[in-house]
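Data block below; observations after.
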Amino acid sequence: MRSVSRWCFRNDYLVSAVIGATILAGGGSDGRAAPTLAPEGAPPSLSGATGLVRVSTAEPDDGRGLQFAVFAELSRSTSFLVFGDTDTRAVLHLSVAMAPIKNLEIFAALWGSTNEEQDASSRESTERASSGAVLVGAKPTWRLGTLLAAGGEGGVELPSRVSSLPAGASAWLKGLCSLDLSDRFRVPVQAHLNVGYYFDNSWNRYDFNGLSAAAREIVMFADGVAGSGFRAAVGIEAVAYERSGRVKITPFGEYHFAVVLFPLGGVYVDQSPSNPYQQWLTVGTRARLGQRLTLSASVDVALQSVGFSYGPPLPPFNIVAGVSLPIGW
Amino acid sequence: MVSAVKEADRLGSRLLAGRGGAARGFLAVGISALAGLFGCERAPLCPDVFFDTPIPVPAVNLTLPPTTFPINAVTTSAPAGVAVTIASNQGTIVFDGRGPLQAFIYERIPFPAADSTLYAGLGIADGAWIPFYLYCSSDGRLTQVAGEMTDRDLGLQYAVEGTCTYDNVAPMAPVVIPAHTLKPVALTCGFGATAPAPEQLDLSSGVPGMITLAGDPAVVLPFHTIDCRTGCGSPGWYEVHSIVWDQSRSMVAFAVIYLQEAGVEFDDGVILPSGDLLNGDQFPNATWNVTR
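Top line first, the protein sequences correspond to chains S and L.
Per the numbering used here, residue 38 is the first one in the first sequence, and the count goes up by one each step.
Per the numbering used here, residue 2 is the first one in the second sequence, and the count goes up by one each step.
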């Protein structure tokens, strides 16, 4: 008899290792004055808001101009959604952010995804599910001295299938806090906290009646269907290496926790596990080359997936690569 | 796995103790990431596999045993695509958007862990049966409707509002069910069970099996499972919900095969056209396994 808690390792070991390693990496800069993390402004995240990969920062942008980013995600797993089948999911994101006035950032993002489910019994037998959405939002932030910055973020996600509007539109609200140790302690480390609520209506984009559990799962995974609930994330970044302003390497880590408050569509699926919690970790690094171009690479590592009633599982790993560029600097 | 994570943590701590370097930082990050790749996942679902031979169910004027307690059950508020209208153990059900379908109650099952009494019923669709369970509280509330469909491997449970009436309910009249056909029947996965002769039991994932039905061997088609190893009661159990078909005697049954510590039990079902209820046939020498 399988016990989930028995085969889930202690997440705190992993989190502490990553946070520790990221702080440690901050010692790589040998300048006497600690380098600042992003005087050029943080690049957009997947949602469009400036930040890491999925963690938004509270650092005000001060109106530096338009920031543009492209991200690609890729995951591939066998016996992940359906026994014996292989899922390959690719997602492309285009993100843009700008601060039209001091202390206010507006952002937008466009994403499209496709998931290919290859039947174990035949290489010819595949199912494809594709999806996409547009996100728009705003992020007011303020500096509270040299150490802290705080703010908020709100946005909406509009599905690409117009026929599923307005019921399929989702929205989020979250509070942001950033801690910058570079000025006060001369340690080039920033930590970020995001806590918020996501009103997720992605379930309403589809009519699941008549589908088997496996067919539902494939569609849900491709679209990223999830349930409404609280989401929290901690991010940490540290300058590991900087040379004459030409090259700057900044490793980062994110820890995400979500609790889904309601089963999708109000329906409980009678399979275990039935937990509403989801956790994952993102570790990666960002490299700024010259004054403008920033490359990033990271991997999402699943720690705990929600149960069947609350959404599709997290892939065991998910690779995210990105390029960002300020325009009109 | 825990030891690998501890090793990553230990290494990270050691690196922290010295003067930091980017390379070491990346190493610790990498080790942590690798450790995470072995994190927990939930079991995958079964592929969509079907038994495509049509199973004819003859017309029947069904009289259930008098031990069945007649109830009235009606939903007053339910999600879209769900409705129950039962009077004296028969009426209609709408489930997962299918219906209204002819339906009847055939069994009462106490379920203390849910503080409810379950009323097991069968909805009749063209091509499929819809086994369902009404959760009735002791104070007469219909709180949940759970159900499944023989033509897809899927079990759903809806929170509803409604009433269950136990008193002054008229006796159940015979149920007139027209001839129909079951096709396809889903074949689920994740388990296996066998019993040595003279017991006749052979269950495997994704394929038709064999079991004894009313004294003779019959084809068993497991279409859905419910994992009750934890959370449903003590000791736990694993349910294999199945269609059982004896072509030579034109008998078709819905049945639950329980995989449990004491062996395998064949129970909580109804046979058509006889209307006989399954009454807990035991396979005490059976061995079984669950792989999900």
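For each residue, glycine too, the CB sits at the ideal point set by N, CA and C.
Output needed for residue i: all residues of its chain with C-beta closer than 6 angstroms, excluding positions within five of it in sequence on either side, in chain order.
| i | result |
| --- | --- |
| Q283/L | E266 |
| T76/L | A84, V85, V161 and G163 |
| V171/S | L147 and L195 |
| P295/L | Residue 295/L falls outside the range modelled here, since chain L spans only 2 to 293, and no answer is possible. |
| A114/L | C233 and G234 |
| G359/S | A106, F108 and S333 |
| T292/L | G191 |
| A208/S | V193 and F236 |
Taking the beta carbon of residue i as the centre, do at least 16 other beta carbons fall within 10 Å, making it buried, or is it exposed?
| i | result |
| --- | --- |
| N246/S | exposed |
| W289/L | buried |
| G290/S | buried |
| D53/L | exposed |
| I110/L | exposed |
| S281/S | exposed |
| L202/L | buried |
| A34/L | With a pLDDT of only 46 at A34/L, under the threshold of 50, the placement of this residue in the model should not be trusted; the figure read from the coordinates follows. A34/L should be labelled buried. |
| D97/L | buried |
| L119/L | buried |
| T226/L | buried |
| V199/S | exposed |
| V208/L | exposed |
| A219/L | buried |
| T163/S | exposed |
Taking the alpha-carbon positions, what's the residue i to residue j distance?
| i | j | result |
| --- | --- | --- |
| Y278/S | L230/S | 24 angstroms |
| L147/S | E110/S | 13 angstroms |
| G122/L | G193/L | 26 angstroms |
| A287/L | W246/L | 21 angstroms |
| T144/L | D244/S | 24 angstroms |
| L61/S | S219/S | Residue placement at L61/S is flagged as unreliable, the pLDDT there being 46, under the threshold of 50; a coordinate-derived value is accordingly withheld. |
| Q158/L | R230/L | 18 angstroms |
| A37/S | L183/L | Residue 37/S falls outside the range modelled here, since chain S spans only 38 to 366, and no answer is possible. |
| R91/S | T322/S | 14 angstroms |
| G31/L | R325/S | Any answer about G31/L is weak, because its pLDDT of 47 lies below 50 and its placement is not dependable; what the coordinates show is given next. Taking the straight line from one Cα to the other gives about 20 angstroms. |
| A269/S | P225/S | 24 angstroms |
| D152/L | L118/S | 20 angstroms |
| G100/L | W130/L | 12 angstroms |
| V320/S | V357/S | 10 angstroms |
| L204/L | M211/L | 7 angstroms |
| D67/S | Q316/S | Below a pLDDT of 50, predicted positions are generally treated as unreliable, and D67/S, at 42, falls in that range; no measurement from the model is reported. |
| P132/L | G82/L | 16 angstroms |
| P197/L | G281/L | 18 angstroms |
| S112/S | C47/L | 21 angstroms |
| I255/S | R126/S | 10 angstroms |
| N169/L | I106/L | 17 angstroms |
| L216/S | L298/S | 30 angstroms |
| M150/L | F255/L | 11 angstroms |
| A79/L | G303/S | 10 angstroms |
| L301/S | D116/L | 24 angstroms |
Residue i bridges to which residues according to DSSP?
| i | result |
| --- | --- |
| G147/L | Going by the sequence as given, residue 147/L is Ala instead of Gly. Y134/L and Q158/L. |
| A204/S | Looking at the DSSP assignment, A204/S forms no beta bridge with any residue, so it has no partner. |
| I255/S | Looking at the DSSP assignment, I255/S forms no beta bridge with any residue, so it has no partner. |
| T93/L | T86/L and Q103/L |
| N280/L | D268/L |
| R325/S | K285/S and T331/S |
| K176/S | E142/S |
| Q341/S | Q316/S |
Among the residues of its own chain, which have a CB less than 7 angstroms from the CB of residue i, if the five just before and after it don't count?
| i | result |
| --- | --- |
| N62/L | P175 and V177 |
| T166/L | I72, N73 and G141 |
| G276/L | L63, T64 and L65 |
| M173/L | L65, T69, P71, S89, N90 and Q91 |
| L131/S | V107, A146 and L147 |
| R221/S | T183 and L184 |
| F51/L | P185, V186, A187 and L188 |
By Cβ distance, which residues of its chain are closer than 8 angstroms to residue i, with the 5 residues on each side in sequence left out?
| i | result |
| --- | --- |
| A175/S | L141, E142, I143, F144, E190, G191 and G192 |
| S201/S | N241, R242 and Y243 |
Could you check how far apart the C-beta atoms of residue i and residue j are, in whole angstroms? I think they sit under 8 angstroms.
| i | j | result |
| --- | --- | --- |
| A147/L | G124/L | So it is not a contact: roughly 12 angstroms between Cβ atoms. |
| A204/S | A95/S | Not a contact, Cβ separation roughly 32 angstroms. |
| D156/S | F258/S | Not really, about 16 angstroms apart at Cβ, beyond 8 angstroms. |
| D49/L | Q308/S | Going by Cβ atoms, the distance from D49/L to Q308/S rounds to 15 angstroms, so no, they are not a contact pair. |
| A263/S | G182/S | With 8 angstroms as the limit, A263/S and G182/S do not qualify as a contact, their Cβ atoms being about 36 angstroms apart. |
| E200/L | P236/L | Wrong, their Cβ atoms sit about 22 angstroms apart, outside the cutoff. |
| G261/S | R43/L | Going by Cβ atoms, the distance from G261/S to R43/L rounds to 17 angstroms, so no, they are not a contact pair. |
| P223/L | S243/L | 5 angstroms |
| P81/S | S361/S | 6 angstroms |
| A126/L | L102/L | 5 angstroms |
Do we get a CB-CB distance below 8 angstroms when we pair residue i with the residues of chain B?
| i | result |
| --- | --- |
| N246/S | Protein chains S and L are contained in the structure displayed, whereas chain B is not. |
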